[in-house]
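In UniProt numbering, the protein residues as written are 1 to 639.
Here is the structure we will look at.
Printed below as a string of structure tokens:
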């Protein structure tokens, strides 16, 4: 029998990755260490980093080479053009001096920004002449200039105009720098990038950003983020870059206030992960070492099957009492750890009475959701996918299970320093419950009051926010919904919902809210009125409210003014509104037939509460319009 034919794989040009030193905190050597450790191939040296460094340019080049890094570009050179001939002449002298620095840095590429200055050249013909003169100087020194249209440039703020100017100059030492922020922040269509000569695109800079309405310069200087952390349509942008034939590095240039104070090693790892995410979403191959895997492949998870609440010894009884009132019966206790299992049919909530990370200050505890467990057919595939994105995975053995059985495995991914997600295999469905060896004498199979978990609300600190957004989008494939700023009685809350379809046809929903920065090393900040919560889904909100009332629940009392206003703005029967008033049920509708009915428990401490929700008609929100009313009602109950 003939030998099988070898597998022929399509030729792939690996994508080189680079990062600007401005993205990272620390000294220049610390930035180089972080970039190299994360696996970047190159760096952009940001001029202020060089000026502030004790290393001479030649030493910087050597330090980069020692770490396996190439200096891809020196940047930025500002305000080259000028309507004042004398000033332009001085600018050319300044340009020559930068070439001296570049000689020592061992790089041939300089980023030249369009000018925002009052004396910037407005006449295209004069600007072509000045760019041409600069290109002649660059060529004589063996250098190249990448001309970039700043989003706030006085006359050149559109990449299409910058490209036309470069094309008119028609000089081999002059090209363009295509920057996603400068293009997408102005709402410019990226598709014309596809028509550019690839040889004229000298460099590609990438950044994402939250969608904001503000001065573009302030937006750029303080709020850029990594791909997958913001709201720009970077896959669309990259499709246009691909179509142009550009084959140079993908480089990150991110100005971000949080990054400037964060661990550079962690940010560099996030940065590299963001490019892997972008490579996957645009179906690229990213240049990685031979022993790495770009992607673990398509993997799916099921619905939420359990939630662990880190309550602490003081708050645990309050959490358990509240769970009992909304339908969760105590089903078992782990004698070794004290973990207590509460269930409603197939939904489990585990209360952890140990302190753990819930302390915010000596003598003060905050009950918070610490773990979410999802069902998956192949935990090992999740582990491989997470590892391909350089996300640490902690294997968690299931008591009583065969450690060699893949279906038995549990893998744990840390989303923040407080919250983790477990992926449980199908075989572990019963095994993980076996750890609860002490059972109540009157234990019975709990009734199914709820259909499952509607959504999980979590608080995220500023230090964890960008990392969490990227992890949830890259590893879990979650889609970012429209973010919201929600004002209430204790401030304005930035909230971001993320969703993904599960293998059961349901939807996994996580609502992340940005917390005030926590006290250093003392755990999550408490927020009066509550923030962290689990919302349980039901099919009949009135039946659920009655059942919870019979079990002793006294929901948060919603003021009559809310229902008077509701009756005036929505088309609900009067008797329904009155019934809602009696049961303290809140309501929202989306205008397309979708409706959301919900009621909430009082908060436990200042942060944790539970919610019962019923969504119909394809409603996609979370009743955000009612948040201010809920918080005000909670605060009124506390006074």
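Every residue, glycine too, gets a C-beta built ideally from N, C-alpha and C.
Bear in mind that the values here come from a model prediction, so they are computed numbers and not experimental data.
Once DSSP output is grouped into helix, strand and coil, what is the label at residue 115? coil
Rounded to a whole number of angstroms, what is the C-alpha to C-alpha distance between residue 186 and residue 227? 17 Å
Label residue 601 either buried or exposed according to how many other C-beta atoms from any shown protein chain fall within 10 Å of its C-beta, with 16 as the threshold for buried. buried
Simplified DSSP state of residue 292, which is helix, strand or coil: Confidence at residue 292 is low in this model, with a pLDDT of 40, below 50, so its placement is unreliable and the value that follows should be read with caution. Of the three classes helix, strand and coil, the one that applies to residue 292 here is coil, per DSSP.
Using the three-state DSSP reduction, which class does residue 76 fall into: helix, strand or coil? strand
Identified DSSP bridge partners for residue 349: 307 and 342
Any chance you could list the alpha helix (DSSP H) runs of at least 4 consecutive residues sitting entirely within the region 562-604, in chain order? 574-583
CB of residue 535 within 7 Å of CB of residue 460, strictly: no
When the Cα atoms are used, what is the spatial distance from residue 250 to residue 349? 44 Å
Run through the DSSP bridge pairs and tell me what residue 484 is partnered with. 495
Taking 7 Å as the limit between beta carbons, can you name the residues of its chain near residue 161, skipping five residues before and five after? 149
Leaving aside the five residues before and after residue 37 along the sequence, list all residues of the same chain whose C-beta is less than 7 Å from its C-beta, in chain order. 265 and 268
Does the count of Cβ pairs from the region 102-112 and the region 84-93 closer than 8 Å reach three? no
Is the beta carbon of residue 309 closer than 7 Å to that of residue 532? no
Can you check DSSP and say which residues form a bridge with residue 395? 411
Expressed to the nearest angstrom, what Euclidean distance is found between the alpha-carbon atoms of residue 34 and residue 22? 12 Å
Residues in the same chain with beta-carbon distance under 7 Å from residue 68, minus the five sequence neighbours each way, listed in chain order, please. 36
On a CA-only basis, which of 147, 47 and 462 is nearest residue 261? Give me that one, please. 462
Just to confirm before moving on: does the CB-CB distance between residue 338 and residue 317 stay below 7 Å? no
Straight-line Cα distance separating residue 603 from residue 562: 20 Å
Could you name the residues that DSSP lists as bridge partners for residue 250? 17 and 204
My output table needs one value for residue 266: the three-state DSSP class, helix, strand or coil. helix
Closer than 7 Å by C-beta to residue 438: which residues in its own chain qualify, once you throw out the five before and the five after it? Chain order, please. 332, 333 and 335
Mind checking who residue 420 pairs with in its DSSP beta bridge? 371 and 414
Is DSSP giving residue 213 helix, strand or coil here? coil
Anyone know if the C-beta pair for residue 330 and residue 440 falls short of 7 Å? yes
Here's the rule I'm using: 16 or more other beta-carbon atoms within 10 Å means buried, otherwise exposed. How should residue 623 be labelled? buried
By how many angstroms is the C-alpha of residue 468 removed from the C-alpha of residue 385? 16 Å
I need the straight-line Cα distance from residue 347 to residue 282, nearest angstrom please. 37 Å
How would you write the range of the alpha helix (DSSP H) that residue 325 sits in, first residue to last? 312-325
Express the C-alpha separation of residue 634 and residue 606 in angstroms, rounding to a whole number. 10 Å
In the DSSP assignment, the alpha helix (DSSP H) including residue 64 goes from what residue to what residue? 57-66
With a threshold of 7 Å between beta-carbons, can residue 484 be considered close to chain C, or not? The structure shown contains no chain C, having only a single protein chain.
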